[in-house]
Amino acid sequence: MRERTARPRRYVMCRPEYFDVTYAINPWMDTAKPVDTPLAVAQWERLRTVLQESGHRVELVDPEPELPDMVYAANGALVIDGKVLGARFRHPERAAEGTAYLRWFRQQGFRAAASRHVNEGEGDFLYTGTLVLGGHGLRSDRDSLLEVQEFFGHPVIGLELTDPDYYHLDTALAVLDRDEIMYYPQAFSPGSREVLRHLFPDAIEAQAADAEVFGLNALSDGRRVFLPEAATALAARLRERGFEPVGVDLSELLKGGGSVKCCTLEIRA
Ligand code: ARG
5 MRERTARPRR YVMCRPEYFD VTYAINPWMD TAKPVDTPLA VAQWERLRTV
55 LQESGHRVEL VDPEPELPDM VYAANGALVI DGKVLGARFR HPERAAEGTA
105 YLRWFRQQGF RAAASRHVNE GEGDFLYTGT LVLGGHGLRS DRDSLLEVQE
155 FFGHPVIGLE LTDPDYYHLD TALAVLDRDE IMYYPQAFSP GSREVLRHLF
205 PDAIEAQAAD AEVFGLNALS DGRRVFLPEA ATALAARLRE RGFEPVGVDL
255 SELLKGGGSV KCCTLEIRA
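So for the sequence shown, this note's numbering puts the first residue at 5; every next one is plus one.
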């Protein structure tokens with residue numbers, strides 16, 4: 005079996021102190037269902053600890069009381085080669101998060117620019133090490149794909165998302181290692197599925213049962229793959245490929261439509 009090596013990463017996270025479901029902008033959100041915020045914080049703390057114990061650096065952005073979705077740090081920006089492109093959200097409820105993350109990056113000394121087009125950061129843009137995969141159709145605008153390509157100088161491959169349950173690219177696809185991915189084909193348009201098969205013929209194709217528990221909303225350091233613990237079949241497939249799956253329980257954050265990957269934003273400096 006192939007030997008996998010981890011590379012230390014740097015992540016930004018935001019403690020879900022004010023996490024709640026006060027509006028519904030994706031099918032997973034139900035404002036009638038109560039949210040246990042202390043439980044969300046405890047589950048999130050566990051994720052942070054697991055990442056740190058695995059040798060990764062976690063930096064924190066201060067949560068804001070009016071922004072219950074701010075815990076989903078992945079949406080705050082896209083950072084490659086030390087360049088930061090701040091998000092522009094589709095929904096007004098999340099608009100101020102773009103400013104908050106941009107301010108944080110500037111305070112850390114990064115040169116950060118705001119997107120002109122709707123662009124939900126690493127929710128829709130995933131870097132494979134050579135390409136940027138850009139999800140559109142449900143959240144980020146098609147025009148944002150060209151903006152990202154121009155800004156970072158890395159080729160962007162557009163992928164059309166068609167199932168509202170998988171409204172961000174990172175709910176249906178995860179990068180495991182350089183140009184190695186796993187994804188849920190049914191979340192994409194027929195043409196985009198073809199593109200994925202051409203580009204990644206050896207990819208792991210997930211089944212519905214794993215996609216539905218947000219198994220694709222995963223984070224890989226090259227060896228360990230942090231993913232929702234309910235995605236057991238996917239964990240077995242990862243093990244076959246030499247990865248070490250690390251199951252994490254973020255059930256409370258699933259009520260907002262997010263899990264492991266959504267809670268982290270990678271800084272590639
Ligand atoms: N409630 C948030 C929204 O619908 C969840 C965002 C999840 N983040 C992600 N990277 N997929 O926008």
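Even for Gly, the Cβ is constructed at its ideal location relative to N, Cα and C.
Only counting the same chain, and skipping five residues up and downstream in sequence, which positions put a Cβ closer than 6 Å to that of G251? Same-chain partners within the cutoff: E233.
- prompt: Are any of the Cβ atoms in chain D nearer than 9 Å to that of F156?
  reply: Here chain D cannot be found, since the structure has a single protein chain.
Compute every distance between the C-beta of A78 and the non-hydrogen atoms of ligand 1, then say whether any falls below 8 Å. Indeed, a heavy atom of ligand 1 lies less than 8 Å from the Cβ.
query = Can we count M186 as close to ligand 1, meaning its CB is less than 8 Å from some heavy atom?
reply = M186: no, Cβ never under 8 Å from ligand 1.
Going along the chain, which residues of its own chain have a beta-carbon closer than 7 Å to the beta-carbon of G133, five neighbours each way excluded? Closer than 7 Å at Cβ, skipping near neighbours: R182, D183.
* Could you tell me how far apart the beta carbons of A81 and V88 are, in whole angstroms, since I believe they sit closer than 8 Å? => Taking 8 Å as the upper bound for CB-CB distance, A81 and V88 are in contact here, some 5 Å apart.
For this session: Give a single yes or no on whether M2 has its beta carbon closer than 8 Å to a heavy atom of ligand 1.
Result: The first residue shown for the chain is 5 and the last is 273, placing residue 2 beyond what the model contains.
**Q.** Closer than 8 Å: N30 CB and nearest ligand 1 heavy atom
**A.** Shortest gap from the CB of N30 to any heavy atom of ligand 1: under 8 Å.
| said: Which residue wins for smallest C-alpha separation from A44, given the options E270, L269, D253? | reply: Selected option, being the one with the closest Cα: D253.
Notebook entry, point to check: Since V75 is in the beta strand (DSSP E), which residue starts that stretch and which ends it?
Noted result: Per DSSP, V75 lies in no beta strand (DSSP E) segment and is marked neither H nor E.
Y22 CB to nearest heavy atom of ligand 1 below 8 Å
Relative to ligand 1, the beta carbon of Y22 is positioned no closer than 8 Å to any heavy atom.
Taking the CB atoms as reference points, tell me whether D206 and A235 lie closer together than 9 Å.
D206 is not a Cβ neighbour of A235, given a cutoff of 9 Å.
Any heavy atom of ligand 1 within a distance shorter than 8 Å of the CB on Y131? Every heavy atom of ligand 1 is 8 Å or more from the Cβ of Y131, so no.
- In the DSSP assignment, find the beta strand (DSSP E) that holds P249 and state where it starts and stops. Element bounds for P249: 248-252.
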